[in-house]
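A.B. asks:
Residue numbers (my numbering): 959 to 1102.
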């Protein structure tokens, strides 16, 4: 199953993003898995990705659209978040040091911890967008 959501860059739409994800997971996974257990992990990763686009990539430009894609293939889940921002150079990323009382920089760390694979592509040459791809397999939550 594949589905996508085109949404403005405004945190007022965060509840819409979450509802779309939950609804899509319920339809795509049906009764094959306890959707709620998986939703919490996927929701947190997607909320972090979307809010980073709104706050950093599009910085107060709600007219710029965000495209979110979800693909379910059996037990495999892929989320893509597309934006029109300047992009983030991962070679400059330093994980936060808990003793530094750092405010920013936790998003990448959170997404890497929650997902099996996190990939970021800068500036697609066809349309100037960046893509954050989050991939995971359905997990047995009793192992956490």
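Backbone N, C-alpha and C fix where the C-beta goes; we use that ideal spot for every residue, glycine too.
Locate the alpha helix (DSSP H) running through residue 984, then write down its first and last residues.
C.D. replies: Stepping through the chain shown from its first residue, residue 984 is reached at position 26. Start and end: 972–987.
A.B. asks: How close, in whole Å, do the beta carbons of residue 1068 and residue 1002 come, if the pair is a contact with beta carbons under 8 Å?
C.D. replies: Residue numbering aside, residue 1068 sits at position 110 when the chain shown is read from its first letter. Residue numbering aside, residue 1002 sits at position 44 when the chain shown is read from its first letter. Yes, they are in contact, since the Cβ atoms of residue 1068 and residue 1002 sit about 7 Å apart, within 8 Å.
A.B. asks: Residues in its own chain within less than 6 Å of residue 1040 by CB, not counting five upstream and five downstream?
C.D. replies: Position 82 of the chain shown, counted from the start, is the residue given in the question as residue 1040. 1025, 1087, 1089, listed in sequence order.
A.B. asks: If you scan the segment 1021–1074 from start to end, which runs of the alpha helix (DSSP H) of 4 or more residues do you find wholly inside it?
C.D. replies: 1064–1072
A.B. asks: Which residues in the same chain have their Cβ closer than 7 Å to the Cβ of residue 968, if we skip the five residues on either side of it in sequence?
C.D. replies: What you label residue 968 is simply residue 10 of the chain shown in a count that begins at 1. Excluding sequence neighbours, residue 968 sits near 1012, 1020.
A.B. asks: Output needed for residue 1100: all residues of its chain with C-beta closer than 6 Å, excluding positions within five of it in sequence on either side, in chain order.
C.D. replies: Residue numbering aside, residue 1100 sits at position 142 when the chain shown is read from its first letter. With a pLDDT of 44 at residue 1100, under the threshold of 50, the modelled position of this residue cannot be trusted; read the value that follows with caution. If we look at residue 1100 and ignore the five residues flanking it on each side, it has no Cβ neighbours.
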